[in-house]
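Below is one structure, written out as structure tokens; comments come after it.
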Amino acid sequence: MEDLRFPNWITLAMGVTLVAMPWILPSLTLASEILVLATGALSCTLLLGSVGLLSFGQGLYFGLGAYVSAILIRDFAVGAMAATLAASVAGCLVAALAGLLIVRRQGVYFVMLTLAFAQMGFFLALAFPKLTGGENGFGNVTRTTVAFEQLPLSNPLLLYGFLALLCFGAFAFVQRIIASPFGSVLNAIRHNDSRAEALGYDVRRFKLAAITIAGGIAALSGAMNTLLLSFVPLSAIDVESSERLLIASLIGGVGSPLGAFIGAAVLSAMSDFLSPIWPRWSTIVAVLLIVTVLFLRDGLLGLGRILRRRPKDALNG
Amino acid sequence: MSAQVLTFGALNGVGIGMIYFILSVGLTMIFGLMQFVNFAHGAFYMVSAYAAFAVAQWTGSVLPALLISPLLAAIFALVSERVLLQRTYNLPHESQILITFALAILAQESMTMIFGTLGKNVPVPEVFSGVVILGGFVYPSYRLFVVGVAAAVAVSMWVAIERTRFGAVVRAAAENPEMVGLLGFDSRKVFMAAFAFGGALAGLAGALAAPLRGVEPLMGREALAIAFVVVILGGLGSFSGALLAALLIGITQSLMSMIWPGGAHLMIYGVMTVILAFRPAGLMGRA
Amino acid sequence: MLDRRKILAAAAVGIATPALLRRAWAQQDAIEIGSLVSLSGTFANIGEQVDIGSKVAFEHFKSAAGKPLRYVQLDDQGDPGRAVRLTQDAIRDRGIRFFMNCTNSAIALAVAKEVASSGGVYINQAGADEMTGSLCNKNTFRWPVATYSAVNTTVRPFMKQFPDAKKWYTITGQYVFGDSLLRNLKDVLGEIGAQHIGNSYHSLSDREYSGFITAAIAAQPDVLCICNFGSQTVDVLRQAVSFGMKRNTKIVVVWSTGLDQFQSLGPDICDGVYFGANYWHGVDTPGNRLLTGVIKEKLKVTPSYLLTAGWACTQAMVEALNKAGSTDVPAVIKALETLSYEGPTGLEKVRPEDHQVLKDYYLMVGKPKSKMRDKDDFVEVISAEKAFLAPEKTGCKL
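Which chain is which? The protein sequence lines are A, B and C, in order. For the first sequence, my numbering gives the first residue as 1, with consecutive numbering after it. For the second sequence, my numbering gives the first residue as 318, with consecutive numbering after it. For the third sequence, my numbering gives the first residue as 605, with consecutive numbering after it.
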């Protein structure tokens, strides 16, 4: 794992990148989408990279956050910031509840439980079309204002700024966790949870905490998605949504929160630039995934490390 | 809702369940032996269904596909095992899940590239194109045929596992791979054979299902979702569990579709969640 | 070496034209029209066809309002979120004001909202009633008919032919669209004195319908009416026929996309089944003769509904632009609202109160294989009617 102090150069790099993105990328909405996906992927990174839990179900919380914030904004005239916070809290609550069930299981059973939850979320959303809009989605979520009604989110640059702030907040928060004693325990659990148990830590409680936090982060990204699109498609809560978050975190590398951002950026960029050329661009994603699992254990971040190491090896002969 | 209608619903459910059984038994076998969940199981099913479509196009009937598709699926399974999965045996179990997941995506995209995005129709073989009437119950002959094939597979598998030497080796390898190695069997070869066989079963399911449900790129996902529910409910690694669970799920689905269709999916995944949380061994599995 | 890398990097950045430093592209002389199609994902089969149909139309019409037309393909991958993003980009970064097409209602509704908030024109093929109902807006127009029209123009003519078919059983998709079809069906059945003896709901992701079909058979209906859309229609029909339902029951499919579904099912299944459709290539109208001729020449295929839908939206946009004589959005909207032209189904008019195109919807019956004159002659058209909900009842307030 990376340099564990907080804040560190990665924090700085993230901040700079977030500010620079609108100037570098050809599309502001692409930059905003990367922010949303990166925040969502962060929840997978936290679970897999820090605790060793593979979750195929973060899309459930993403969708939950999206719907909760949309309903609050459209039907209860709640402000954007409050709705986003409420959505994150909702994500934490549901994740905690689900976590109580999930945390008892290990390995394959854990993964399949997360998948079952993801499926249930989809069918729940379909089962209550009056609440969620069903297959037509939940629309007409107006873009309101933030900062005591001073800054309108209908301005795309201001919207980006708000999303960037949220993304950076989540990112810094996760870094802080990793650098903390709590994070060290999570790391110990990831390496060998029976040993951690033997050392006196209540492993289940720590895992539950991680699951809860990850759920909140995923819900946060769902709320961000609602702000970006001003509606909630049914696809926000389907299984592919969970898969997208997971794939982004994997190809970027789960070893560090930065990986979530890199994976999100690569995935979104590929989607934008490749799909007009080759509709079957997901093939490349699948290949990248295989390469990552087999060779690049730390994803694309790991690639950077390998390349940096090579010249040094050459020097050492 | 009369008793007669409910009975017919249950009978129909048995038919559905037998299809689900063939679909899922390969997955549970592979887990039982190799301790990993094959997320590409649905891909074997889908590729075989496309093969069945191709066979039907060339020869005018889908029946030869019942032999060709499982063979193709077995080859596909073997090749994936040699090229990809072999490298993951020393990696944490997530790697196997993720690799097979990626393989599934590759398979889906490849089939789309070859056959296009539009769903394909596979006609039911002429000889089975009618219906059978049992009392007041109407049932397509082809579905009856599928049930028959599934039953034959179930019986032969049971006999093979419980009554033959090979079955004994397989069972032993599942309990204790090292011991089997010490006894002179190459457990790796046993596993490869098992993986190929599991794939072949998925292939048979694909070929059988093609005339029933049509062939399209996303059918693998649906199959995988069903297979997961069945093997979890039945107990990962248990053959009889898969049979029992498949029948239960089939009957539940058929009856629920008469009573509360919207709830069918919720109920099925809800049950899966409860089982996983409280009794992960499922109905018949060992903990 | 470092310098070369830096130069290359800078060049790459320059080519990518940063969003914030970009000004709206000079309009030059072409009219750019954004086309929302899904080329990957679940709806790729629909998107591909609509895309091709529109492209052929663009090649044919070439220009409107005196300026050349340029087709801008926006692949939303079946995701409404992406569709919204692409629309935002097209409006903001490329200054595009005219949009068309969708592969499903969720995408259409989302894009319509986006286009309305920026002031553009959007013509689409959404099936959801709300598109020209409670969610209508003054920038959006819809070509195909909605559920009220589909039900009324299929069930009523059917009942005229079979007045004794009193007992109707429905298999309905349990989602907003399916429910709309069912609701309208129940209303019509009530009015003509038929009986709705039962309904089976299936969900959006179902593929196994034997339970519903068994229940339907047990109810012994005169008519089995299928109220859903897309591949689920094909699957339900295929399985219903495999259970031998055609022997004792008439089957009516209210919402069919026609040729592509028939090709998927084959003539044996379609024989004797009643289909409702927005378009059929066999109907002889000036607009259809034109479009069939062009598509047969360019693509060597018979036009399906999806190809035609792509053509139709293009045609409507072109006609409106020509009528307005300019690319000024309010002028084009006004032109559209009073537009009347020779479309694929005959003379088509736009209704100003809700922006719905008033056009025929067909009731067709499948032919036996022996009666097919060519490989695409699957059905006989037995009725072509217009039936639309009165504007005040649609819930649309423009």
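For each residue, glycine too, the CB sits at the ideal point set by N, CA and C.
Spatial neighbours of residue i in its chain, beta-carbon cut-off 6 Å, leaving aside the 5 residues before and after
i                         : result
methionine 589 of chain B : Val546, Ile549
isoleucine 695 of chain C : Ser722
alanine 214 of chain A    : Ser43, Leu46, Leu47
alanine 522 of chain B    : Ile339, Leu340, Tyr362
histidine 1008 of chain C : The question about residue 1008 of chain C has no answer here: the residues shown for chain C are numbered 605 through 1002.
tyrosine 966 of chain C   : Ala881, Trp884, Val985, Ala988
Chain C contact for residue i (CB, 8 Å cutoff)
i                         : result
proline 152 of chain A    : no
glycine 139 of chain A    : yes
alanine 604 of chain B    : Only weak support is given to the placement of alanine 604 of chain B: the predicted model assigns it a pLDDT of 49, under 50, and the value that follows is read from those uncertain coordinates. No, alanine 604 of chain B does not count as interfacial toward chain C.
asparagine 316 of chain A : The predicted position of asparagine 316 of chain A is uncertain, since its pLDDT is 43 and thus under 50; a value taken from the coordinates is nonetheless stated next. So, not an interface residue.
methionine 584 of chain B : no
serine 256 of chain A     : no
Under 9 Å by beta carbon: chain C residues contacting residue i
i                       : result
tyrosine 459 of chain B : Ser846
valine 547 of chain B   : Neighbours of valine 547 of chain B on chain C: none; closest Cβ ~14 Å, over 9 Å.
Contact list for residue i against chain A, beta-carbon separation under 9 Å
i                        : result
glutamine 677 of chain C : Pro276
leucine 561 of chain B   : Per Cβ cutoff of 9 Å: no residues; leucine 561 of chain B is ~19 Å from chain A at best.
Proximal chain B residues relative to residue i, where beta-carbon distance stays under 8 Å
i                       : result
tyrosine 773 of chain C : Result: empty, since nearest Cβ-Cβ is about 12 Å, beyond 8 Å.
glycine 107 of chain A  : His410
alanine 648 of chain C  : Thr429, Thr434
Host beta strand (DSSP E) of residue i (start-end)
i                         : result
methionine 968 of chain C : 965-970
threonine 114 of chain A  : Here threonine 114 of chain A belongs to no beta strand (DSSP E); instead the alpha helix (DSSP H) covers 107-127.
tyrosine 805 of chain C   : 799-806
arginine 674 of chain C   : 671-679
cysteine 831 of chain C   : 827-831
Whole-number beta carbon distance between residue j and residue i, since they are thought to touch under 8 Å
i                            : j                      : result
alanine 369 of chain B       : alanine 524 of chain B : 4 Å
phenylalanine 703 of chain C : glycine 638 of chain C : 4 Å
isoleucine 237 of chain A    : glycine 59 of chain A  : 6 Å
Contacts of residue i in chain A (Cβ-Cβ under 7 Å)
i                      : result
valine 780 of chain C  : Pro129, Gly134, Glu135, Asn136
alanine 732 of chain C : Asn136
Within chain A, the residues that residue i reaches when beta carbons sit closer than 8 Å
i                     : result
lysine 717 of chain C : Gly139, Asn140, Ser230, Phe231
serine 709 of chain C : Glu135, Asn136
Alpha helix (DSSP H) segment containing residue i, residue limits
i                         : result
valine 936 of chain C     : 933-941
threonine 691 of chain C  : 684-698
glycine 558 of chain B    : 556-576
tyrosine 61 of chain A    : 58-75
glycine 551 of chain B    : 536-551
asparagine 649 of chain C : 648-665
Short CB-CB distance (under 8 Å) between residue i and chain A
i                       : result
serine 644 of chain C   : yes
serine 722 of chain C   : no
arginine 530 of chain B : no
valine 749 of chain C   : no
serine 412 of chain B   : yes
leucine 911 of chain C  : no
serine 814 of chain C   : no
Partners in chain C for residue i, counting only beta-carbon separations shorter than 8 Å
i                        : result
glutamate 539 of chain B : Ser809, Arg811
alanine 225 of chain A   : Checking the sequence shown, residue 225 of chain A turns out to be asparagine, not alanine. Per Cβ cutoff of 8 Å: Gly685.
proline 181 of chain A   : In chain order: nothing, as chain C lies at least about 39 Å away.
Cβ shell of residue i (< 8 Å), same chain only, five flanking positions each side left out
i                     : result
valine 322 of chain B : Met575
valine 331 of chain B : Val464, Leu564, Gly567, Ile568
7 Å Cβ shell around residue i - same chain, five flanking residues per side excluded
i                            : result
phenylalanine 206 of chain A : Val185, Leu186, Ile189
valine 372 of chain B        : Val379, Pro381, Ala382, Ile385
serine 235 of chain A        : Ser241
threonine 434 of chain B     : Pro534
valine 174 of chain A        : Leu42, Leu46, Pro257
alanine 609 of chain B       : The question about residue 609 of chain B has no answer, for chain B in this structure spans 318 to 604.
histidine 664 of chain C     : Val898
Contact list for residue i against chain B, beta-carbon separation under 7 Å
i                         : result
serine 282 of chain A     : Ile422, Glu426
asparagine 705 of chain C : None at all; the shortest Cβ gap to chain B is about 16 Å.
isoleucine 211 of chain A : Neighbours of isoleucine 211 of chain A on chain B: none; closest Cβ ~14 Å, over 7 Å.
Per-residue contacts from residue i into chain C (C-beta, under 7 Å)
i                       : result
glutamate 33 of chain A : Arg689
8 Å Cβ cutoff, residue i in contact with chain B
i                      : result
valine 983 of chain C  : no
leucine 869 of chain C : yes
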